[in-house]
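>
Residue numbers (this note's numbering), protein chains in the order written: chain Y, 5 to 238; chain V, -10 to 97.
Printed below as a string of structure tokens:
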């Protein structure tokens, strides 16, 4: 069944910020891939099969640093374990949805498209098919930008730290538009502390996963303590 | 990088990320989850976005060579927070972040 026009338009509208952000970081990523001798076709294949912003920056960087193949795969995989959290989060929304649609959706979630879908699902009136279209619009932008980056090579100079701030800004917006419940605030604070502590002890690879899980655990503990305190008062 | 190295790295990384993306959803989907599990899933967005922001902005020892220019991203982040709270728009937040960052980097 073809999705309706209005669904496509809604999905596109929701995906635009991510698509533009992916142009800003996809082109520098392609330039980096060009510097290790990958061609535009390889950048496209990688963006279609692997599709991970952080991962596609890490691979050329580690390769340039002379890391062995096995250690590149291990480090990149470790960084991407945070995807498990997103996948678990969407499970209730995928209930009673066909296996094929659920699989395609789950396989194309990124940090940014996850964020867009969370915002849409929590605002209500959203569905997995539209969320999948958001993923595919974002992925198309990412794949094309990577290929363009390879083709233009280092002919244009984009300061990466500034371009990457588009993504940081998107995460900030998603964070501060969360519901301001005490459990959410504690989860966010603990997660930030967790990330910094991980980096301090040299675990920067899985820092996002460990930090986020720590945040959820601390907030769950807080909620349990508050509940038992309320029960005692009653 | 040769085509062989390219394929080995690509297939290795793609398989692990696919497992992380798909398995948790399929293990939990179509299942009655207990209330505590639903509560934990509901806390994931706040914790995950905070972790992503902290990962981008905070580095141990970032102020070792002085507070400036290391504070530029933090200052830009504060401005993005204000814009995000006001507009609730991802696009405006991203445009503001990049524009203010570029401006500060230019004049500092």
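Positions of the beta carbon are idealized from the N, C-alpha and C atoms, including for glycine.
Give the straight-line distance between the Cα atoms of residue 99(Y) and residue 20(V), rounded to the nearest whole angstrom.
Locating residue 99(Y) in the first chain gives position 95, where the first residue counts as 1. Locating residue 20(V) in the second chain gives position 31, where the first residue counts as 1. In a straight line, the C-alpha of residue 99(Y) is about 8 Å away from that of residue 20(V).
> Name the chain V residues whose beta carbon is nearer than 7 Å to that of residue 203(Y)?
Position 199 of the first chain, counted from the first residue, corresponds to residue 203(Y). Chain V residues near residue 203(Y): 48 and 49.
> Consider the Cβ of residue 13(V): report whether some Cβ of chain Y lies at a distance smaller than 8 Å.
Walking along the second chain from the start, residue 13(V) turns up at place 24. Yes, residue 13(V) counts as interfacial toward chain Y.
> Could you work out which residues of chain Y lie near residue -6(V), taking near to mean beta carbons separated by less than 7 Å?
Here residue -6(V) corresponds to residue number 5 of the second chain, with the count starting at 1. Those are 73, listed as they occur along chain Y.
> On the three-state DSSP scale, how would you describe residue 96(Y)?
Walking along the first chain from the start, residue 96(Y) turns up at place 92. Note: residue 96(Y) maps to helix in three-state DSSP.
> Rounded C-beta distance between residue 117(Y) and residue 142(Y)? I'm assuming under 8 Å.
Residue mapping note: residue 117(Y) aligns to position 113 of the first chain, counting from 1. Residue mapping note: residue 142(Y) aligns to position 138 of the first chain, counting from 1. About 5 Å separates the two Cβ atoms, so the contact holds.
> Of the choices 81(Y), 72(Y), 52(Y) and 14(Y), whose alpha-carbon is the least far from that of residue 5(V)?
As a position in the second chain, residue 5(V) is number 16, starting the count at 1. Closest option to residue 5(V), Cα to Cα, is 81(Y).
> Given this structure, state the Cα-to-Cα distance separating residue 182(Y) from residue 120(Y), to the nearest angstrom.
Within the first chain, residue 182(Y) is the residue found at index 178, counting from 1. Within the first chain, residue 120(Y) is the residue found at index 116, counting from 1. Straight-line Cα distance between these residues: approximately 12 Å.
> Based on Cα-Cα distance, which residue from 26(Y), 15(Y) and 7(Y) lies nearest to residue 148(Y)?
Position 144 of the first chain, counted from the start, is the residue given in the question as residue 148(Y). Out of 26(Y), 15(Y) and 7(Y), 26(Y) has the C-alpha closest to the C-alpha of residue 148(Y).
> Let me make sure I understand the geometry here. Which of 232(Y), 230(Y), 208(Y) and 214(Y) has the alpha-carbon closest to that of residue 47(V)?
Numbered from 1 along the second chain, position 58 holds the residue referred to as residue 47(V). Taking only the C-alpha atoms, the option nearest residue 47(V) is 208(Y).
> Can you look up residue 113(Y) in the DSSP assignment and give me helix, strand or coil?
The residue labelled residue 113(Y) in the question sits at position 109 within the first chain. Reduced to three states, the DSSP call for residue 113(Y) is coil.
> CA-CA distance, residue 204(Y) and residue 11(Y)?
In the first chain, the residue the question calls residue 204(Y) occupies position 200. In the first chain, the residue the question calls residue 11(Y) occupies position 7. Cα to Cα, the separation comes out at about 45 Å.
> Compare the C-beta of residue 55(V) with all C-beta atoms of chain Y and state if any pair is closer than 8 Å.
By one-based count along the second chain, residue 55(V) stands at place 66. With 8 Å as the cut-off, residue 55(V) does not count as an interface residue toward chain Y.
> Relative to chain V, which residues along the segment 169 to 188 of chain Y have a C-beta separation below 9 Å, given in chain order?
Per Cβ criterion, the list reads 169, 170, 171, 172, 173, 174, 175, 176, 177, 178, 179, 180, 181, 182, 183, 185, 187 and 188.
> Alpha carbon to alpha carbon, what distance is there between residue 33(V) and residue 145(Y)?
Indexing the first chain from 1 puts residue 145(Y) at position 141. Indexing the second chain from 1 puts residue 33(V) at position 44. Using only the alpha carbons, I get a separation of about 27 Å.
> Consider the Cβ of residue 64(V): report whether some Cβ of chain Y lies at a distance smaller than 8 Å.
For this step, residue 64(V) is matched to residue 75 along the second chain. Not closer than 8 Å to any Cβ of chain Y, the Cβ of residue 64(V) fails to qualify, so no.
> Using a beta-carbon distance cut-off of less than 8 Å, what residues from the segment 15 to 28 of chain Y approach chain V?
The segment 15 to 28 of chain Y vs chain V, Cβ under 8 Å: 20, 21, 22, 24, 25 and 28.
> Please state whether the Cβ-Cβ distance between residue 40(V) and residue 212(Y) is less than 8 Å.
Against the second chain, residue 40(V) aligns to sequence position 51. Against the first chain, residue 212(Y) aligns to sequence position 208. Contact flag set, yes.
> Select from 87(V), 93(V), 38(V) and 96(V) the residue whose C-alpha is nearest the C-alpha of residue 164(Y).
Residue 164(Y) sits at position 160 when you count from the first residue of the first chain. Among 87(V), 93(V), 38(V) and 96(V), the Cα nearest to that of residue 164(Y) belongs to 87(V).
> Find the residues of chain Y that neighbour residue 18(V), judging by a C-beta separation of less than 7 Å, and give them in chain order.
In the second chain, the residue the question calls residue 18(V) occupies position 29. In chain order: 95, 98, 99 and 106.
> Give the DSSP-derived three-state secondary structure of residue 205(Y) in the structure shown.
Your numbering for residue 205(Y) matches position 201 in the first chain. It is coil, neither helix nor strand.
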